[in-house]
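So the structure is just underneath, and the comments pick up after that.
2 protein chains.
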Amino acid sequence: MKLNTKSRYAVMALADMAVFSRDNAVSLRDISLRQGISLLYLEQIFLKLKKNNIVKSVRGINGGYILIKTPKELKILDILLALDQKVKTVGCKKDSKKSCNGKSTKCITHNFWDELDFHINSFFENKKLSDLLKNKEARH
Amino acid sequence: MKLNTKSRYAVMALADMAVFSRDNAVSLRDISLRQGISLLYLEQIFLKLKKNNIVKSVRGINGGYILIKTPKELKILDILLALDQKVKTVGCKKDSKKSCNGKSTKCITHNFWDELDFHINSFFENKKLSDLLKNKEARH
DNA sequence: CAAAAACTTGACTATTTTAGTCGGGTATAT
DNA sequence: ATATACCCGACTAAAATAGTCAAGTTTTTG
Chain A
1 MKLNTKSRYA VMALADMAVF SRDNAVSLRD ISLRQGISLL YLEQIFLKLK
51 KNNIVKSVRG INGGYILIKT PKELKILDIL LALDQKVKTV GCKKDSKKSC
101 NGKSTKCITH NFWDELDFHI NSFFENKKLS DLLKNKEARH
Chain B
1001 MKLNTKSRYA VMALADMAVF SRDNAVSLRD ISLRQGISLL YLEQIFLKLK
1051 KNNIVKSVRG INGGYILIKT PKELKILDIL LALDQKVKTV GCKKDSKKSC
1101 NGKSTKCITH NFWDELDFHI NSFFENKKLS DLLKNKEARH
C-alpha cells in the first residue's frame, strides 16, 4: 500500500512552488536544492505535470515553472492522476464483463474494494494543495 | 497505490470461510476451487494468517482452517497486518530522527501523508469481515 | 552574437518487489 | 496403511520502480 515516489515528489515540489513563488517562475534547480530531490528526476516529473496542465513552463534564463491553478484550487487528486498514480487498489474490476479473478461474476469482496477506492479517492479529491501548507508547522 | 494480491486473496478466502463454514473446518482445497485461487498460494497465505492468530488449523483428513474470531469481531486491518501489508503510503517517517528524504527535518508534506495513512487505516480498522458479506448482492 | 540557464524528450538500466511455484515434509481420521 | 490436508523454507520469472544519461531547444542577458 505505497504511493510511488514520483507522486510523492510531485506533491512535494508543487508545495514548494506554492510557498516560494511570487508570480515568478520557479526553477527545478531551486526546488531540487530546497527539497533534496534529484534534478534529473524532477525534470521527468514536471514533464508529466506540464502535459497534464498542472504547470506551465517558461524557458531560458530565469525560466522555470508556474502553477496554472492557485493552490486553493489545485486538487491533490489531479496531481496523482498526472503521474499515472491511479487509485485502484485491487485488480478486479477492469471492465464489467470478466471482472474479478478471471471469472465472469463479481467476486465476493468486489464491493468492498470499490468502497475502499472511493474512500481514498474522496480524500485526494477534497484535499487542495493549499491544505498542505496550513499545517506545515501546526499540530502537536 | 495497490494492495498486494496476498492481502486481497486473504480477505477473499476469509470471507469465503465466513460464508461456508458451519463450525466445521474449511479446507484450502475448497476455498481454492470456489474462489479460483491457487492452492499453493493459499497455503502460503494461511501460514501467515495462522501465525498471526486469525485462524487455527485442524490437520489430517477433514481438516482445514477455522476462524478464531467471529466475522463480526474480525477487523480487516488485522488481516492486512498479518500479511505484512502496512498502511504506510510514503517512505518518509520511519523513525523520528532522520525522518524525511534523508533530512533531519520533517518534509513540507509530512503531515499530509500522516493524515492520509490515518484516513486509510481508519477505514480498515472500522470494517469487519461481516461487513463484506452484507452487501454481497445488495447495492444497485 | 555568444554563452549560460533552464526546459525537452526518449531511451536506458539496476534494483527491488511481486506473484507464484516447488519439493519435501508432518499429522490424523478412517 | 493410506489418503487428505496442513507445514514450511527456498526458489524464480516477470514486472514495477527509481533514477540516470545523452543530446537536444529556447530564451535572456551582457
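Chains as they are written, first to last, in the working numbering: chain A, 1 to 140; chain B, 1001 to 1140. No residue lacks a Cβ here, since even glycine has one placed at the ideal position from N, Cα and C. Keep in mind it's a predicted model, so treat the numbers as computed, not measured.
Is K1002 of chain B close to chain A, meaning its C-beta is less than 7 Å from at least one C-beta of that chain?
Numbered from its first residue, the second sequence carries residue 1002 of chain B at position 2. Cβ-Cβ to chain A under 7 Å: yes for K1002 of chain B.
DSSP beta-bridge partners for C92 of chain A?
Taking the first sequence and counting its residues from 1, one reaches residue 92 of chain A at position 92. According to DSSP, C92 of chain A bridges with nothing at all.
Contacts of N52 of chain A in chain B (Cβ-Cβ under 9 Å)
Here residue 52 of chain A corresponds to residue number 52 of the first sequence, with the count starting at 1. Per Cβ cutoff of 9 Å: no residues; N52 of chain A is ~17 Å from chain B at best.
Please confirm if Q1044 of chain B has its CB atom under 7 Å from at least one CB of chain A.
The count along the second sequence starts at 1 and reaches residue 1044 of chain B at position 44. No - not a single Cβ of chain A is within 7 Å of the one on Q1044 of chain B.
At 8 Å on the CB atoms, spell out the chain A contacts of T1109 of chain B, in chain order.
On the second sequence, position 109 is the one that residue 1109 of chain B refers to. Per Cβ cutoff of 8 Å: R8, V11, M12, A15 and L132.
Got a sec? Which residues, its chain only, sit under 8 Å from N52 of chain A by beta carbon, not counting five neighbours each side?
Indexing the first sequence from 1 puts residue 52 of chain A at position 52. Taken in chain order, the residues that qualify are D78, L81 and A82.
Cutting at 7 Å between CB atoms, please list the residues of its own chain near L39 of chain A, excluding the five before and the five after it.
Taking the first residue of the first sequence as position 1, residue 39 of chain A is located at position 39. Setting aside the 5 residues that flank it on each side, L39 of chain A is surrounded in the same chain by L28, R29 and S32, each with a C-beta closer than 7 Å to its C-beta; the list follows chain order.
Taking only beta-carbon atoms, is N126 of chain A less than 7 Å away from chain B?
As a first step, residue 126 of chain A is located in the first sequence; it is residue number 126 there, counting from the start. So no, N126 of chain A is outside the interface.
Determine the contact status of A1015 of chain B and I1066 of chain B, defining contact as a CB-CB distance below 7 Å.
By one-based count along the second sequence, residue 1015 of chain B stands at place 15. By one-based count along the second sequence, residue 1066 of chain B stands at place 66. No, they are not a contact pair.
Excluding the five sequence neighbours on either side, which residues of its own chain have a C-beta within less than 8 Å of the C-beta of K1056 of chain B, listed in chain order?
For the purposes of this step, residue 1056 of chain B is identified with residue 56 of the second sequence, where counting begins at 1. Correct list, in chain order: K1050, Y1065, I1066 and I1068.
Cut-off 8 Å between Cβ atoms - residues of its own chain near T1070 of chain B, not counting five sequence neighbours on either side
Along the second sequence, one-based indexing puts residue 1070 of chain B at 70. Counting only Cβ-Cβ distances below 8 Å, and skipping sequence neighbours, we find S1130.
Report the neighbours of I120 of chain A on chain B: residues whose CB is nearer than 9 Å to its CB, in chain order.
Position 120 of the first sequence, counted from the first residue, corresponds to residue 120 of chain A. Within chain B, the residues near I120 of chain A are M1001, L1116, H1119, I1120 and F1123.
Same chain, Cβ closer than 8 Å to F1124 of chain B, five either side skipped, listed in chain order:
If you number the second sequence from 1, residue 1124 of chain B lands on position 124. Around F1124 of chain B: K1075, I1076, L1077, L1080 and V1087.
Could you list the residues in the stretch 1067-1088 of chain B with a C-beta less than 9 Å from some C-beta on chain A, going in chain order?
Correct list: I1076, L1080, Q1085, K1086, V1087 and K1088.
Integer Cβ distance of T1089 of chain B from L3 of chain A, believed to fall under 8 Å:
Here residue 1089 of chain B corresponds to residue number 89 of the second sequence, with the count starting at 1. Here residue 3 of chain A corresponds to residue number 3 of the first sequence, with the count starting at 1. Taking a contact as a CB-CB distance under 8 Å, the pair T1089 of chain B and L3 of chain A counts as one, their CB atoms being some 5 Å apart.
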